[in-house]
Every structure is written in structure tokens, then in C-alpha cells.
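Q: Dropping a structure here in C-alpha cells format, bear with me for questions.
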Amino acid sequence: MAFQVELTSARAWSDEQMNALFAQGFPAFIVGDQDVKQQIDRVRELFGEYNIMLADEQGEPAATGWGVPISWSGEVPDLPETFARVLERSLETYDASFVADTFVICGAIVHPARKGRGVAQALIGALIDTAVTHSLPRVIAPVRPTLKHLYPLQSVDAYAKWVRNDDLPWDPWLRLHVRMGGELIDLAKKAQTIIGTITQWEEWSGMEFPESGDYVIPDGMAPLHIDRSANLGTYVEPNIWIRHR
Ligand SMILES: CC(C)(COP(=O)(O)OP(=O)(O)OC[C@H]1O[C@@H](n2cnc3c(N)ncnc32)[C@H](O)[C@@H]1OP(=O)(O)O)[C@@H](O)C(=O)NCCC(=O)NCCS
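In terms of the working numbering, the sequence shown opens at residue 293 and continues consecutively.
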């Protein structure tokens, strides 16, 4: 199916359309990354040209994705260590008027009614085209492996190496990136750290945490550590770095 690719800002989308698009996107706890919170408003303000929408024939949103331009040496040790650092790097690159040479794909979401039917391939393709349009030769992505949450006790090191009989990654989202020419170049083991009070974690997870310790939580790629005496829950989520170009 062909989609119209346009900037998300090119037309006004209703709240209803946007809520439907994002309805099954990310776990509620993802909003608790304080480091991301500090950057995100300015990133949205500055980099709207890197935020795209795929609309269907009826003009309904089918998928959306966004990213940021950064300056990166092309070497693995120079990759930003966390997702927040990706955003920070984009702002540093902008503020210092450095020439950005790398597009970092930061988010991708397919409408729930359209998942599992190949829309994501069109979306990644359109995001890579966005980099080309902006003369950014490199394209990388800190990928959230979509089925890691089923294996919260396995390390991301092990998980990233799981392959099927055809040698493609076991994780479907990683697999799609690799099938499209992406190469796994590194792990971001602490991509997002989410710290909340016990009440916040109860709201985010729909669970209760009667004592201190580690808990497996819905959609958590790793266990949540609860410290009741400090009234804090800490969760650290890994990403897998993919390089497309
Ligand atoms: C990740 C996401 C963008 C993939 O979009 P999609 O259109 O469903 O992807 P595709 O149809 O191309 O599917 C890609 C592969 O995943 C498989 N797949 C899709 N949904 C799946 C599911 N729920 N469980 C298992 N496999 C699934 C497909 O069968 C396909 O596998 P294949 O390689 O064997 O063909 C979409 O699921 C999504 O929006 N998820 C929520 C947001 C998110 O996690 N985004 C990524 C991090 S930013």
C-alpha cells in the first residue's frame, strides 16, 4: 500500500486521530525519564522537519516517526550513551552550529489497526529518505526491541544475539531493521532510566509493591527495583544501536 509521506505539522490532526495512533504505543512508565523530559520540548520545537506522518488514501494517520540530526564521528565509542544524550547531542550540535552529519531515528509507531502488515517498512524507508533530504549521510537508531518485555530476566547482550533459523534477529523489530540493511553496532544498556515514587509506579504498572525488591512488570524489558524505605522505584531500559547508513 502506498502512503502519502508528509511532515506531521503539514496539517492539523485531531486529538482523536492522534490518540488512536498512539493508543498502544509505549508503556505508561516511559514518561518518567526525567532526562528526556528536560530536552524534549526544545527538540520538538527545533526539529519538526524531522517528524513525519504516513497518511493513507483517506487521509488518516497510518504511522508516524521522528528523529534528530546530530554530529557523530561514526565510531561506536562516540555513540550517545542514553536516549536523553541523543537529544542533548542534537541540541549541542544545533547550539554550536556544528554541521550535523547523522540522523538518529528516535521514534516510530504504526497505528494499532495497521500493525503486523508491513507499514513499518514504509515508515523506516521514509525516515531514511528524510535523512537524505536533509543531506545527512549517516542513519542510526537506538532500537527498543519490541518483544524484550517477554524476557525481562534475560540480559540484553544475550537477547540481541538471538537469531532464527535464517540467521535474522529473533526480535521482530530488530529483524525488520536488519532486513532493511541495518547493522547491529552496539548496545545502549542504560538507554532510559525511569525513577518514580511507589505511587507513580503503581499507577504506571497497575501493580502493588508490598516490599522492597525486584519485580517483573508489564511491558518492562528489565525488572523494576523497588526501595520502599526511599519510596523509589528504579527501572533501566536497554536499547540496541542499529546503523542503516
Ligand atoms: C514496532 C512497530 C513500529 C512495527 O510495526 P509493524 O507495522 O507492526 O511491523 P511489520 O508489520 O513490518 O512487522 C515486522 C515484523 O514484526 C512481526 N510482528 C509484528 N507485530 C508483532 C507482534 N505483536 N508479535 C510478534 N511479531 C510481530 C511481523 O510479523 C514482522 O515479522 P517478519 O519479519 O517475520 O515478517 C509497531 O509494532 C509499533 O508501532 N509498536 C509500538 C511502538 C514501538 O514499540 N515502536 C518501536 C520503538 S520506537
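Backbone N, C-alpha and C fix where the C-beta goes; we use that ideal spot for every residue, glycine too.
Taking the alpha helix (DSSP H) that Trp465 belongs to, which residues open and close that run?
A: Pro464 to Arg471
Q: Just to check my reading of the structure: His426 and Pro510 have Cβ atoms closer than 8 Å, yes? What is that Cβ distance to the nearest angstrom?
A: So it is not a contact: roughly 37 Å between Cβ atoms.
Q: Going by beta carbon distance, what residues of the same chain come within less than 6 Å of Phe339, once the five residues before and after it are set aside?
A: Val360
Q: With DSSP run on the structure shown, which of helix, strand or coil describes Trp533?
A: In this structure, DSSP gives Trp533 an extended state, which the three-state scheme calls strand.
Q: Classify Lys329: buried if its beta carbon has 16 or more other beta carbons within 10 angstroms, exposed otherwise.
A: exposed
Q: Which of helix, strand or coil does DSSP assign to Asp307?
A: It is helical.
Q: Just confirm the distance between the C-beta atoms of Glu270 and Arg436, as a whole number of angstroms; I'd bet it's less than 8 Å.
A: In the structure displayed, the chain extends from 293 to 537; residue 270 sits before or after that span and is not available.
Q: Hey, how far is the Cα of Leu409 from the Cα of Asn457?
A: Correcting the residue type first, residue 409 is Arg in the shown sequence and not Leu. In a straight line, the C-alpha of Arg409 is about 22 Å away from that of Asn457.
Q: Where do the ends of the alpha helix (DSSP H) carrying Trp358 lie?
A: Unbroken run through Trp358 is the beta strand (DSSP E), Pro353 to Ile362; no alpha helix (DSSP H).
Q: So, helix, strand or coil for Asp511, using DSSP?
A: Three-state result, Asp511: coil.
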